Amino acid sequence: MVKLKFLMFIFIGLLVFPMAFSCEEKTGKSSLPKLGTSAIDFNCEDLKGRTWNLDKVRGKIVLLRFWADWCPYCRYEMPIIDKYYRILNKEGFLVLAVNVKQSAEVALAFTAQLDVTFPVPLDPDGKMARRYGVYAIPTNFLIDRQGIVQEILIGEVFRKEQVLKDLLQGYFSRRLGALEKSFPRRVA
Amino acid sequence: MIKSSIPLIIIFTLILVSSPIFGSGGPDYETVNFKGQKLSLKRDPLTRSPLIIRGVDSKLLEIRNFSKLSRKEITYTGPILVNKYKSLLQIASDQLKLKGAEKISDTWYVSYWQTFHGLIIYESSLGYAIDSSGCIKSLGALIYPNVKAPIASKVSHDEALKIGQSQIKDFKKLRCILLAESVLIYPVRKKNSIDFYRVYAFNFFPKEALHPASVVGGWAVFIDTQTAKKVLYEELLKPLGCCIPEDFVPPKPGELKPKWLN
Chain A
4 MVKLKFLMFI FIGLLVFPMA FSCEEKTGKS SLPKLGTSAI DFNCEDLKGR TWNLDKVRGK
64 IVLLRFWADW CPYCRYEMPI IDKYYRILNK EGFLVLAVNV KQSAEVALAF TAQLDVTFPV
124 PLDPDGKMAR RYGVYAIPTN FLIDRQGIVQ EILIGEVFRK EQVLKDLLQG YFSRRLGALE
184 KSFPRRVA
Chain B
5 MIKSSIPLII IFTLILVSSP IFGSGGPDYE TVNFKGQKLS LKRDPLTRSP LIIRGVDSKL
65 LEIRNFSKLS RKEITYTGPI LVNKYKSLLQ IASDQLKLKG AEKISDTWYV SYWQTFHGLI
125 IYESSLGYAI DSSGCIKSLG ALIYPNVKAP IASKVSHDEA LKIGQSQIKD FKKLRCILLA
185 ESVLIYPVRK KNSIDFYRVY AFNFFPKEAL HPASVVGGWA VFIDTQTAKK VLYEELLKPL
245 GCCIPEDFVP PKPGELKPKW LN
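From first to last, the protein sequence lines are chains A and B. Residue 4 is where the first sequence starts when you use my numbering, and the numbers rise one by one after that. Residue 5 is where the second sequence starts when you use my numbering, and the numbers rise one by one after that.
In structure tokens form, the structure reads like this:
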């Protein structure tokens, strides 16, 4: 009987477990994180069903980005970000482009249209965005290999590709330096 | 008792673990033969419309003399694409309304809304990338094949606006402004079907929010044109087309018109 209770306990645990799979944060912060401090932890699932949290991305340079498809400024930065993600992914650059308050179908159609390859976690109720103090989109947080927030960029900043390149140069100088000539500038 | 329960628990656990919520449900792509062309599709589970269409070893569309086309001519590619894959997409090309077309590096990104009797369907989209040689390899879409929605409003605009304003607590105190409004078709996804509402869509923002550096957001309120009932109330984040430098000193309220208002 004790064994059965134990098994039932595990079983109920498995039922409750999926609740942790929405974008959820583990702290009660509600304003923008301070530069030089630890990033706020999160737990979210992307369009491919993969889960992401700070532990999982530790050791990588992470661009944590909040966006929505109705925001035109978010749209046209995506291919530029994806270009650097494709180049630097194997060297430890990770983009987590968190869709705020939209359905998986909206996010999926949007990312397919732009043919972007980076992970797109979902924040359907906006909780993660709120905890990160996001009040405008796009908002980008650059988190270093130790999980420290190094940059916060609010608004459309990467339309000028050079801004993103400069941002990443400090972490991937050898790679980006060597590629400099092959980077075409955006054509208006 | 215990022994007989164990297999059931194991089976149930396996079903749970293999469910999509655990992220191992698979990509759900299917391969179809469309008029001799092999395509990879991912469908909307509710409407069965394609969310993604990719050519397998082929392009969806190849545009000749692409480099010579003007922006306007490039925006005609959407209707051509929809006509070509009409039986898959199940919408007509005249239902498209251009959302955006922009060139980034060597690639054009083109997107459309779906419309119903001239009204935009909220969050609908159909879009694709065209590479420098004029090839479209895939498209992404959130479209609705059989929209059933009212084609006229029963509630007046002014009445709806009053109801919309009344949804915002301290509307006058916050000096709220109606920043954008339109009549839309608002699809509400239910478990096995979709309800389509014809709505007045209002975006309200407090005056304080208009400054780019202000952390104050606004609200979206959708009022049903048939019943005058609120069908959506949502806090809005601001879309910011400009960046806020670190050393930015906020000017006095009302001094600046933010870029995102344009």
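Heads up, the beta-carbon is just placed ideally off N, CA and C, and yes, glycines get one too. Given the structure is predicted, the values throughout are model-derived calculations rather than measurements.
Arg61/A touches chain B at which residues, Cβ-Cβ below 9 angstroms?
Here the premise fails: no neighbours, minimum Cβ distance about 20 angstroms.
Looking only at its chain, what residues have a beta carbon closer than 7 angstroms to the beta carbon of Thr120/A, apart from the 5 residues adjacent to it on each side?
Within the same chain, Thr120/A has close Cβ partners Asp85, Tyr88, Arg89.
Looking at chain A, which residues of the region 134 to 154 of chain B have a Cβ within less than 9 angstroms of any of its Cβ atoms?
Within the region 134 to 154 of chain B, the qualifying residues are Lys141, Ser142, Leu143, Gly144, Ala145, Leu146, Ile147.
Can you tell me the Cβ-Cβ gap for Leu99/A and Leu145/A, rounded? I've got them flagged as a contact below 8 angstroms.
Their Cβ separation, rounded to whole angstroms, is 11 angstroms, which puts Leu99/A and Leu145/A out of contact at 8 angstroms.
Taking the Cβ atom as the reference point for each residue, do Leu165/B and Ala145/B lie within a distance shorter than 8 angstroms?
The answer is no: Cβ separation not under 8 angstroms.
Give a yes or no on whether the minimum CB-CB distance between Phe175/A and chain B is below 8 angstroms.
For Phe175/A, the answer is no, since every Cβ of chain B falls outside 8 angstroms of its Cβ.
By the 10 Å Cβ neighbour count, where 16 or more other Cβ atoms means buried, how is Ile124/B classified, buried or exposed?
Looking at its Cβ environment, which holds 16 or more other Cβ atoms inside 10 Å, Ile124/B is buried.
How would you write the range of the alpha helix (DSSP H) that Val166/A sits in, first residue to last?
Taken as a continuous stretch (DSSP letters only), the alpha helix (DSSP H) holding Val166/A covers 164 to 172.
Please go through the same chain and pick out, in chain order, the residues whose beta-carbon is closer than 6 angstroms to the beta-carbon of Ser218/B, but skip the five residues on each side of it.
Hits under 6 angstroms: Glu212.
Between which two residues does the alpha helix (DSSP H) harbouring Gly82/B extend?
Gly82/B -> alpha helix (DSSP H) spans 81 to 88.
Tell me the DSSP secondary structure of Cys74/A in three-state form.
Note: Cys74/A maps to coil in three-state DSSP.
Near Arg53/A, what residues of its chain come up, given a Cβ to Cβ distance below 8 angstroms and the 5 sequence neighbours on each side ignored?
Contacts found: Pro122.
Under a three-way DSSP split, which group does Thr119/B fall into?
Three-state DSSP puts Thr119/B in a strand.
Residues in the same chain with beta-carbon distance under 6 angstroms from Ala139/A, minus the five sequence neighbours each way, listed in chain order, please.
Counting only Cβ-Cβ distances below 6 angstroms, and skipping sequence neighbours, we find Ile157.
Figure out for me which residue from Val220/B, Ser115/B, Phe206/B, Leu240/B has the closest Cα to the Cα of Lys234/B.
Checking every option, the nearest Cα to that of Lys234/B belongs to Phe206/B.
Is Asn56/A helix, strand or coil by DSSP?
Correct three-state label for Asn56/A: strand.
By DSSP, does Gln41/B sit in helix, in strand, or in coil?
In this structure, Gln41/B counts as strand in the three-state DSSP scheme.
Suppose the cutoff is 6 angstroms on Cβ atoms and the five residues either side in sequence are ignored; what does the same chain contact list for Phe226/B look like?
Contacts found: Tyr190, Val203, Ala205, Val235, Leu236.
Quick check: Ser128/B and Tyr148/B, are their CB atoms within less than 8 angstroms of each other?
Yes, they are a contact pair.
Going by beta-carbon coordinates alone, are Cys93/B and Tyr116/B separated by less than 8 angstroms?
Reading off the sequence shown, one finds Leu at residue 93/B, where the question assumed Cys. Not closer than 8 angstroms, so no.
Could you tell me which residues DSSP puts in a beta bridge with Pro243/B?
Beta-bridge pairing links Pro243/B to Ile140/A.
Is Asp135/B helix, strand or coil by DSSP?
In this structure, Asp135/B counts as coil in the three-state DSSP scheme.
Going by DSSP, which residues form a beta bridge with Ala105/B?
According to DSSP, Ala105/B bridges with Val114/B.
Go through its chain and collect everything with a Cβ distance to Tyr201/B's Cβ below 6 angstroms, but skip five positions before and after it.
Within the same chain, Tyr201/B has close Cβ partners Tyr190, Asp228, Val235.
Relative to the C-alpha of Arg148/A, which candidate in Tyr79/A, Lys59/A, Ser106/A has its C-alpha closest?
Ranking Tyr79/A, Lys59/A, Ser106/A by Cα distance to Arg148/A puts Lys59/A first.
Mapping DSSP to helix, strand and coil, what is Leu64/B?
Reduced to three states, the DSSP call for Leu64/B is coil.
Note the first and the last residue of the continuous alpha helix (DSSP H) segment covering Val109/A.
Taken as a continuous stretch (DSSP letters only), the alpha helix (DSSP H) holding Val109/A covers 107 to 117.
Would you mind stating whether Glu108/A and Asp48/B have Cβ atoms separated by less than 8 angstroms?
Contact: yes.
How big is the Cα-Cα spacing for Lys173/B and Leu183/B?
Near 17 angstroms, if we compare the C-alpha coordinates of Leu183/B and Lys173/B.
Looking at chain A, which residues of the region 54 to 65 of chain B have a Cβ within less than 8 angstroms of any of its Cβ atoms?
Those would be Leu55, Ile56, in chain order.
Compare the C-beta of Ile108/B against all C-beta atoms of chain E and say whether one is closer than 8 angstroms.
Here the protein chains are A and B, and chain E is not one of them.
Mind checking if Glu212/B is an interface residue toward chain A, Cβ cutoff 8 angstroms exclusive?
With 8 angstroms as the cut-off, Glu212/B does not count as an interface residue toward chain A.
Count the other C-beta atoms from every protein chain shown that fall within 10 angstroms of the C-beta of Gln201/A, then say buried if there are 16 or more, exposed otherwise.
Not covered by the structure: residue 201/A. The range shown for chain A is 4 to 191.
Name the residues in the region 34 to 52 of chain B whose C-beta lies less than 7 angstroms from a C-beta of chain A; which are they?
Those residues of the region 34 to 52 of chain B that come within reach of chain A (Cβ to Cβ, closer than 7 angstroms) are Asp48.
So the candidates are Thr81/B, Gln230/B, Phe208/B; which of them puts its Cα closest to the Cα of Gly221/B?
Measuring from the Cα of Gly221/B, the nearest candidate turns out to be Phe208/B.
Would you verify that the beta carbon of Pro83/B is, or is not, closer than 8 angstroms to some beta carbon of chain A?
So, not an interface residue.
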